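Numbering (our numbering), first residue to last: 15 to 45. Every residue, glycine too, gets a C-beta built ideally from N, C-alpha and C. As the structure is a prediction and not an experimental result, all values here were calculated from the model.
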């Protein structure tokens with residue numbers, strides 16, 4: 015059970031990180 019919780023937590027963190035990087039790249043390319 016703990017492995018599933020860890021997997022979901024890591025997946026959510028990676029998705030949030032990728033989304034933040036994507037927003038930063040879009041902001042840089044706009045200027």
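Fill in: Backbone CA spacing between residue 25 and residue 33 [nearest angstrom]
In a straight line, the C-alpha of residue 25 is about 12 Å away from that of residue 33.
Discussion item. For residue 20 and residue 31, I'd like the C-alpha separation in whole angstroms.
Written reply: In a straight line, the C-alpha of residue 20 is about 16 Å away from that of residue 31.
Item to complete: Would you tell me roughly how many angstroms separate the C-alpha atoms of residue 17 and residue 28, rounded to the nearest one?
Response: C-alpha separation (whole angstroms): 16 Å.
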